[in-house]
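**Q**
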DNA sequence: CAAAGGTCCTGCTCGC
DNA sequence: TGCGAGCAGGACCTTT
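Numbering (the working numbering), first residue to last: 32 to 302.
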């Protein structure tokens with residue numbers, strides 16, 4: 032479920048409840064996630080104060096004085112803040128309880144998510160230190176994609192989804208931003224013009240920025256049992272719309288698998 | 001049976 | 001020949 036806007040929305044939803052709070056208990060219900068959860072975490076984090084929460088790409092980072100916890104939601108993860116003692120649901124794998132009576136709970140049916148403890152500065156962690164710039168930061172400018180893509184033969188769609196180039200463009204927003212920029216997702220990244228990359232860069236910033244704004248309006252969902260993310264569904268132009276008319280030219284939207292991922296585009300408007 | 005919003009890892013190919 | 005870079009595909013898992 033999580034694209035970057037949802038991860039950001041999750042961060043904004045949970046932070047007010049647990050920021051600066053002290054951990055009373057950690058419970059690992061099922062440590063078999065993408066990587067095994069460190070079994071000593073309950074001992075390490077007991078009575079530690081959560082000093083800061085932040086996001087880098089799709090990783091959420093919880094900072095303590097002894098180190099940092101890197102959380103990733105994978106394909107199907109959700110994080111919620113509940114009152115301690117609420118009934119455990121199926122696929123609730125990890126839980127951090129706080130002295131204020133709140134509990135942060137990770138639910139993830141597919142278990143592609145992760146909970147990783149590191150004592151080094153989180154910026155230098157192996158999974159973080161090679162990440163590209165944040166899409167909404169000034170470090171992500173129209174030159175970045177163009178410069179990095181020279182001589183690359185991968186499809187532009189795969190290229191923008193590569194977190195080492197730029198973080199936060201997932202499968203939905205890759206299709207959406209390429210549509211707005213008028214670029215065929217199959218085109219070799221190295222053959223996309225500077226002008227097209229400029230349009231793509233703008234599209235990514237606008238689309239992700241808007242999605243975060245929308246997400247912000249659904250913050251209340253995060254404390255409800257069945258908070259439903261669907262906030263973006265009505266404004267997607269092409270994703271999931273195979274056969275429906277292109278919003279610009281009315282030709283049916285094409286769906287094709289590119290590097291194992293469903294891709295949606297208009298063969299007329301995207302060249 | 002296919003597909004679902006992620007991404008790391010492995011192994012192959014290619015060019016210096 | 002050896003090595004790194006780039007790339008495709010596999011892997012992880014459950015639910016619909």
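Don't be surprised by glycine CBs; every beta carbon is placed ideally from N, CA and C.
For residue 162, is the beta carbon positioned less than 6 Å from some heavy atom of the ligand MG?
**A** Questions concerning the ligand MG fall outside what the structure shown contains, since it holds no ligand whatsoever.
**Q** Name the residue from 70, 56 and 55 whose alpha carbon lies nearest to the alpha carbon of residue 62.
**A** 70
**Q** Of the choices 173, 73, 152 and 151, whose alpha-carbon is the least far from that of residue 129?
**A** 73
**Q** What three-state label does DSSP hand residue 53 in the structure shown?
**A** strand
**Q** What residue does the beta strand (DSSP E) around residue 179 start on, and which one ends it?
**A** Note, residue 179: premise wrong, no beta strand (DSSP E); alpha helix (DSSP H) at 173 to 180.
**Q** Could you pull out every residue in the same chain whose Cβ sits closer than 8 Å to the Cβ of residue 132, ignoring the five residues on either side in sequence?
**A** 114 and 115
**Q** For the beta strand (DSSP E) containing residue 107, list its first residue and its last residue.
**A** From DSSP, residue 107 is part of no beta strand (DSSP E); its letter is neither H nor E.
**Q** Looking only at DSSP bridge pairs, what is residue 114 linked to?
**A** 133
**Q** Using three-state DSSP, classify residue 292 as helix, strand or coil.
**A** strand
**Q** Is the CB-CB distance between residue 144 and residue 91 below 7 Å?
**A** no
**Q** Which residues in the same chain have their Cβ closer than 7 Å to the Cβ of residue 55, if we skip the five residues on either side of it in sequence?
**A** 128, 129 and 130
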